[in-house]
Amino acid sequence: MQRDKAKKRKPRLANPWWESFGFSLLETLTNRDDGSIYGAVYEFNRYQKTPHLGKPPRYVIAFRGTMLCSETMKSDMKQNLRCLLNTLNQGRRFDNAIKAIKNVLGYHNVETESVWLAGHSLGAGIALLAGKAMARSGYLLQTYAFNPPNLGLLLEYLFDNEIFKGGVRIFGSFAKTAVASLCDLKIQEDDLRTSSWTPHLYVNKSDPLCTEFIGDFKHKNYMPTIGASKVESDGARISFRSLTFRRRTPSSPSDFPGEPIQLLSSADMTVNMNVMDGFRAAHGLKQWWEQDPALRKNWKTHRIRPSI
156 MQRDKAKKRK
166 PRLANPWWES
176 FGFSLLETLT
186 NRDDGSIYGA
196 VYEFNRYQKT
206 PHLGKPPRYV
216 IAFRGTMLCS
226 ETMKSDMKQN
236 LRCLLNTLNQ
246 GRRFDNAIKA
256 IKNVLGYHNV
266 ETESVWLAGH
276 SLGAGIALLA
286 GKAMARSGYL
296 LQTYAFNPPN
306 LGLLLEYLFD
316 NEIFKGGVRI
326 FGSFAKTAVA
336 SLCDLKIQED
346 DLRTSSWTPH
356 LYVNKSDPLC
366 TEFIGDFKHK
376 NYMPTIGASK
386 VESDGARISF
396 RSLTFRRRTP
406 SSPSDFPGEP
416 IQLLSSADMT
426 VNMNVMDGFR
436 AAHGLKQWWE
446 QDPALRKNWK
456 THRIRPSI
């Protein structure tokens with residue numbers, strides 16, 4: 156939609172896309188600064204007519220990724236910087252996303268399982284944080300995050316040696332908890348309400364912006380085997396960036412500045428194991444609707460188990 160708007164396309168190319176799947180546009184989410192569109196609310200027109208599909212969504216709230224063009228670059232890069240500093244939830248886009256979700260749940264008076272969240276790249280980060288915030292309020296929304304940002308050490312992308320990568324992650328967990336203790340940095344306790352919320356992640360092993368999720372999940376499942384699940388859980392709740400800026404986590408569970416996007420109690424993750432031709436292909440959204448059977452054959456699913 157934003158490209159249609161920027162290029163003043165008539166007729167627009169985006170409309171036939173969602174209409175072909177039986178959706179209609181209810182609302183667009185726009186930036187106050189530049190007027191660019193970064194999200195939308197859709198309604199499934201055939202919701203009551205397709206019981207054979209199981210439980211399809213009635214409403215889908217979707218968020219786009221970064222667009223490096225003149226109309227959106229400034230506002231998008233500002234949000235990307237928030238991702239780097241773990242403050243994406245403090246931005247106006249996040250606030251508007253929460254308002255849009257609550258509006259759908261309240262105004263339309265629908266069940267939570269009828270509302271789905273989705274996003275790609277930067278939008279996936281917003282969807283994950285919004286889904287987590289709603290879970291803390293008691294609303295478990297289906298969330299689908301495509302190539303979500305995980306700006307860690309890029310160990311999974313840069314190195315092949317599993318022993319080395321595992322050792323660095325173990326050292327990092329112990330180091331962060333030790334430094335946090337020395338700096339008197341309060342670590343927020345695990346919220347049991349988010350343990351039942353399981354977002355769906357779609358990552359590509361060749362995409363440096365999201366491949367670290369693979370390593371994080373390996374680490375999360377390995378640490379309990381050596382009796383260090385508490386260290387892993389505490390270490391995941393802080394980052395070296397938050398330690399650098401000495402951000403303190405407040406006691407209110409609804410307020411969580413400095414919390415990394417990748418901090419998840421559980422998730423279903425699908426990994427595209429195909430070797431992609433360049434960053435654009437590995438990070439692109441197109442790969443996830445590709446009809447090539449060989450692509451699906453190479454997908455692998457990983458599951459994070461909630462910390463004990």
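Numbering-wise, our numbering puts 227 at position 72 of the sequence shown, and it's gapless, one number per residue.
Virtual Cβ for every residue (Gly too), placed ideally from N, Cα, C.
Predicted model, so just to flag it, every value in this text is computed and none were measured.
| Query | Result |
| --- | --- |
| Identity of the residue in LEU347, LEU364 and PRO212 nearest ALA288 by Cα | LEU347 |
| Element boundaries [alpha helix (DSSP H), containing ILE256] | 247-262 |
| Cα-Cα separation between HIS355 and GLU182, rounded to whole angstroms | 24 Å |
| Residue-chain proximity (ALA333, chain D), Cβ-Cβ < 9 Å | Note that chain D does not occur in the displayed structure, where there is just one protein chain. |
| GLN157 in three-state terms, based on DSSP | helix |
| GLY370 and GLU414 closer than 9 Å at C-beta | no |
| Collapsed DSSP secondary structure at GLU226 in the structure displayed | coil |
| Classification of VAL430 by the beta-carbon crowding that lies within 10 angstroms, buried from 16 upward | exposed |
| With 16 other Cβ atoms within 10 Å as the buried cut-off, status of ARG237 | buried |
| C-alpha distance - GLY280 paired with MET424, whole-angstrom precision | 15 Å |
| Residue closest to ALA195, alpha-carbon to alpha-carbon, out of PHE368, ILE256 and GLU266 | ILE256 |
| Nearest to GLU268 (by Cα), restricted to the options ILE416, THR298 and ALA437 | THR298 |
| GLY274 - partner residues in DSSP beta bridges | PHE218 and ALA300 |
| Distance between ASN200 and PHE178 (C-alpha atoms, nearest Å) | 6 Å |
| Close beta carbons around SER407, own chain, < 8 Å, minus the five adjacent residues each side | With a pLDDT of only 42 at SER407, under the threshold of 50, the placement of this residue in the model should not be trusted, and no figure is reported. |
| Counterpart residues of LEU184 in DSSP-defined beta bridges | GLY194 |
| Cβ-Cβ separation, LEU364 to HIS275 (assumed contact under 8 Å), whole Å | In fact, because the Cβ distance is near 11 Å, the residues do not count as touching under 8 Å. |
| Own chain partners of LEU306 with C-beta closer than 7 Å, once the 5 adjacent residues on each side are dropped | CYS238 and LEU239 |
| Straight-line Cα distance separating LEU277 from GLY220 | 5 Å |
| Status (buried if at least 16 other CB within 10 Å, exposed otherwise) for ALA391 | buried |
| Bridge partner(s) assigned by DSSP for SER179 | GLU198 |
| Same chain, Cβ closer than 6 Å to SER191, neighbours up to 5 away in sequence not counted | GLN157, GLU226 and THR227 |
| Backbone secondary structure at PRO166 - three-state DSSP | coil |
| C-beta contact flag for THR366 and LYS360 at 9 Å | yes |
| Simplified DSSP state of ALA383, which is helix, strand or coil | coil |
| Whether ASN186 touches TYR197 by CB criterion (9 Å) | no |
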